[in-house]
Structure formats: C-alpha cells, structure tokens
Amino acid sequence: MKFTGTEQYVATDDLQMAVNAAVTLERPLLIKGEPGTGKTMLAEQVARALGMPLIQWHIKSTTKAQQGLYEYDAVSRLRDSQLGGEVNDIGRYITRGKLWQAFTSDQPSVLLIDEIDKADIEFPNDLLLELDRMEFHVYETGETIRASHRPVIIITSNNEKELPDAFLRRCFFHFIQFPDKETMKQIIQVHYPQIQPQLVQDAMEVFFEVRDIPGLKKRPSTSELIDWLKLLMSDDIPDQILQQRDQSKAIPPLYGALLKNEQDVHLLERLAFMHRRQG
Numbered sequence: 055m056k057f058t059g060t061e062q063y064v065a066t067d068d069l070q071m072a073v074n075a076a077v078t079l080e081r082p083l084l085i086k087g088e089p090g091t092g093k094t095m096l097a098e099q100v101a102r103a104l105g106m107p108l109i110q111w112h113i114k115s116t117t118k119a120q121q122g123l124y125e126y127d128a129v130s131r132l133r134d135s136q137l138g139g140e141v142n143d144i145g146r147y148i149t150r151g152k153l154w155q156a157f158t159s160d161q162p163s164v165l166l167i168d169e170i171d172k173a174d175i176e177f178p179n180d181l182l183l184e185l186d187r188m189e190f191h192v193y194e195t196g197e198t199i200r201a202s203h204r205p206v207i208i209i210t211s212n213n214e215k216e217l218p219d220a221f222l223r224r225c226f227f228h229f230i231q232f233p234d235k236e237t238m239k240q241i242i243q244v245h246y247p248q249i250q251p252q253l254v255q256d257a258m259e260v261f262f263e264v265r266d267i268p269g270l271k272k273r274p275s276t277s278e279l280i281d282w283l284k285l286l287m288s289d290d291i292p293d294q295i296l297q298q299r300d301q302s303k304a305i306p307p308l309y310g311a312l313l314k315n316e317q318d319v320h321l322l323e324r325l326a327f328m329h330r331r332q333g
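Here the sequence shown is numbered in our numbering, starting from 55 and rising by one per residue.
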C-alpha cells in the first residue's frame with residue numbers, strides 16, 4: 055500500500071516518495087522543516103491513509119530513551135514489600151513505553167517520535183539498537199520484547215540541535231520545503247472548501263509579502279495563515295486586506311495571528327511609517 059496523501063493533507067510528490075521509500079527500506083523517516091509545515095500532522099495522515107493505528111511519543115527536554123521502552127517503579131515495589139504486599143509479579147510495576155506498544159501491536163502501526171531534537175544529545179543514540187533490531191530486553195523480568203509487526207516510524211525535528219551521525223545514517227531523510235503559492239492554495243482549499251477565491255488571493259499576497267521582509271525574527275507559517283484566514287472569514291473584512299495591499303508594508307489586520315513577537319510587529323510598523331513618509 056502506497057501513501058499518496060489524504061483529503062485532509064496535501065502531500066507533494068517528493069514527500070509521498072520519501073514516505074514510501076522509508077517504508078520500503080524499513081527505516082525510520084526523519085522529517086525536518088520550518089515549524090508549521092505539517093511534520094507532526096504527516097504521521098497522523100500516513101496512519102489514516104494506510105489504515106494503521108497511530109502511536110505518538112511527544113519528546114520533551116526531560117524525556118529519556120528508556121521511557122520509550124518501559125519504566126520500572128522500584129519505589130512502589132519496595133513500599134508494597136515493606137507493607138507486606140505481594141510483590142512477586144514484577145510486571146505490575148512496569149509501565150510500557152511507546153516503542154513497547156508499537157512492537158506488540160496486534161497490527162502494523164505508525165509510531166511518531168515527535169521533536170526528537172528537544173531531548174538530550176544522547177537520546178537518539180540510546181535508541182539505535184532497538185530501532186535497528188526491532189527488539190529490546192526487559193532486565194527486571196528477563197523477557198525480550200520483539201516487534202510482532204515492524205511499525206512505520208516517523209521522526210520529526212525542528213533542528214534545535216544537531217542529531218548524531220550514527221543516528222542519521224539509519225534514517226531516510228526528507229526536508230519539507232515551505233509550500234509555494236500553488237501548493238498553499240491547495241492546502242487552504244482542504245481547510246476551507248467554500249472560501250472566496252478573491253480572499254485567498256489577497257490574503258496570500260499579504261502573507262508572502264510579510265514572509266519576505268528581511269529581518270523578521272519568526273516568519274509566519276502555514277498553520278498561522280490558516281488561523282488568519284479563519285479570522286478574516288469570520289469578520290468578513292476582505293476590503294481591509296485590499297487596503298493593506300495598497301499601503302504596501304503596512305501592518306496586516308488581525309496581525310496577532312501572523313506575528314508572534316513584538317520585535318516583528320515593531321519592524322512592520324517602522325516599514326509602514328517609512329512608506330507613509332516616502333508617499
């Protein structure tokens with residue numbers, strides 16, 4: 055079964071090829087790209103398209119690789135022992151991690167390891183053996199957990215830190231390019247099938263104009279454009295967008311959906327002021 059995108063997700067040809075190549079090679083798919091380009095959503099849509107359950111492991115700065123396998127609660131077992139409880143069943147004190155769940159799933163699944171670069175630099179290397187062999191050992195019980203079905207593994211990274219070479223060698227890599235205008239129109243159509251074409255055209259012109267301004271600390275992303283359009287449709291203010299276009303670099307209406315820090319707001323305000331003076 056091949057991934058070709060879904061009704062809810064516009065997948066470019068090169069992204070489709072990357073997903074299918076990773077599945078064929080039986081390697082994790084490492085996805086990078088700007089925030090808001092649909093990296094996390096990709097795993098959800100691959101699972102939907104392939105008819106597989108989705109298991110999500112969202113990584114934090116404090117996440118350890120062992121947590122993906124299992125966690126053994128030795129403190130609770132010791133406490134129960136001191137209270138005279140039955141503690142011979144060690145399995146009662148083991149919490150299965152996301153890899154364990156994916157390995158023992160009744161059917162092939164999609165495992166999302168989201169934002170792997172948030173964790174410690176050793177985190178990816180600590181998972182190398184398990185991802186290679188599709189098995190791991192539970193020392194407390196002496197059992198070996200092997201994958202009944204090899205999961206489709208999708209790993210996302212925002213490039214907050216470099217990933218180890220040994221880890222990169224074991225992945226199929228794809229960088230999601232920021233959508234061009236034609237792809238962006240398709241994405242908007244998926245979210246808002248009834249949107250007015252003129253509003254799309256005007257909003258996209260302002261959006262890409264803002265993204266191209268030199269010096270922005272955070273350029274607006276696809277998800278922020280979708281939020282902005284929702285506001286514009288609810289307030290019915292396409293005329294204001296046209297006015298902003300005529301004023302070139304002026305602040306867009308409802309800019310809080312697009313701009314996420316005061317430095318960028320001040321930058322656009324200065325550009326608008328300079329434009330008015332020159333006019």
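Where a beta carbon is used, it is the ideal one built from N, C-alpha and C, also for glycine.
Going by alpha carbons, who is nearest to Thr321 out of Gln121, Thr195 and Lys272?
For the purposes of this step, residue 321 is taken as the residue at position 267 of the sequence shown. Before going further, note that residue 321 is Leu rather than Thr in the sequence given. The shortest Cα separation from Leu321 among Gln121, Thr195 and Lys272 belongs to Lys272.
Taking Thr94 as part of the alpha helix (DSSP H), name the residues at either end of that continuous run.
By one-based count along the sequence shown, residue 94 stands at place 40. Run containing Thr94: Lys93 to Leu104, per the alpha helix (DSSP H) assignment.
If Gly344 sits next to Ser277, beta carbons under 8 Å apart, how far is it from one beta carbon to the other, in whole angstroms?
Missing from the structure shown is residue 344; the chain here goes from 55 to 333 and no further.
C-beta contact flag for Val206 and Val164 at 7 Å:
For this step, residue 206 is matched to residue 152 along the sequence shown. For this step, residue 164 is matched to residue 110 along the sequence shown. Annotated as proximal: Val206 and Val164, with beta-carbon spacing under 7 Å.
When DSSP labels each residue in this structure, what does Asp174 get in the three-state scheme?
Position 120 of the sequence shown, counted from the start, is the residue given in the question as residue 174. Coil, per DSSP.
How about Asn74: is its Cβ closer than 6 Å to a heavy atom in the ligand HEM?
The ligand HEM is absent from the structure shown, which contains no ligands of any kind.
At what residue ranges does the stretch 169 to 214 contain a whole run of the beta strand (DSSP E), taking only runs of 3 or more?
189 to 192, 197 to 200 and 206 to 211
Can you tell me which of Ala65, Phe221 and Lys152 puts its alpha carbon nearest to the alpha carbon of Val237?
Counted from its first residue, the sequence shown places residue 237 at position 183. It should be noted that the sequence gives Thr, not Val, for residue 237. Closest option to Thr237, Cα to Cα, is Ala65.
If you check the beta carbons only, do Pro218 and Val260 fall under 7 Å apart?
For this step, residue 218 is matched to residue 164 along the sequence shown. For this step, residue 260 is matched to residue 206 along the sequence shown. No, Cβ-Cβ distance for Pro218 and Val260 is not below 7 Å.
Can you name, in chain order, every residue of its own chain whose Cβ lies under 6 Å from the Cβ of Thr195, other than the five neighbours on each side?
Here residue 195 refers to the residue found at position 141 when the sequence shown is read from its first residue. Closer than 6 Å at Cβ, skipping near neighbours: Ile144.
Could you work out which residue in Leu166, Asp160 and Tyr124 is closest to Arg146 when comparing CA atoms only?
Taking the sequence shown and counting its residues from 1, one reaches residue 146 at position 92. Nearest C-alpha to Arg146: Tyr124.
Buried or exposed (CB count within 10 angstroms, at least 16 for buried), Ser288:
Counting from 1 along the sequence shown, the entry for residue 288 is found at position 234. Flag for Ser288 reads exposed.
Does the beta-carbon of Arg223 have 16 or more other beta-carbons within 10 angstroms, so that it is buried, or is it exposed?
As a working mapping, residue 223 is identified with position 169 in the sequence shown. Arg223 should be labelled exposed.
For Ile113, name the three-state secondary structure that DSSP assigns.
One-based indexing of the sequence shown puts residue 113 at position 59. It is coil, neither helix nor strand.
To the nearest angstrom, report how far apart Gln243 and Gly122 are at their CA atoms.
Locating residue 243 in the sequence shown gives position 189, counting from the first residue. Locating residue 122 in the sequence shown gives position 68, counting from the first residue. Looking at the two C-alpha atoms, the distance is approximately 37 Å.
Sequence-distant residues of the same chain with beta carbon closer than 6 Å to Gln339, five excluded per side:
Missing from the structure shown is residue 339; the chain here goes from 55 to 333 and no further.
Please list the terminal residues of the continuous alpha helix (DSSP H) segment that includes Glu140.
For the purposes of this step, residue 140 is taken as residue 86 along the sequence shown, with counting starting at 1. Counting along the chain, Glu140 falls outside any alpha helix (DSSP H), and DSSP gives it neither H nor E.
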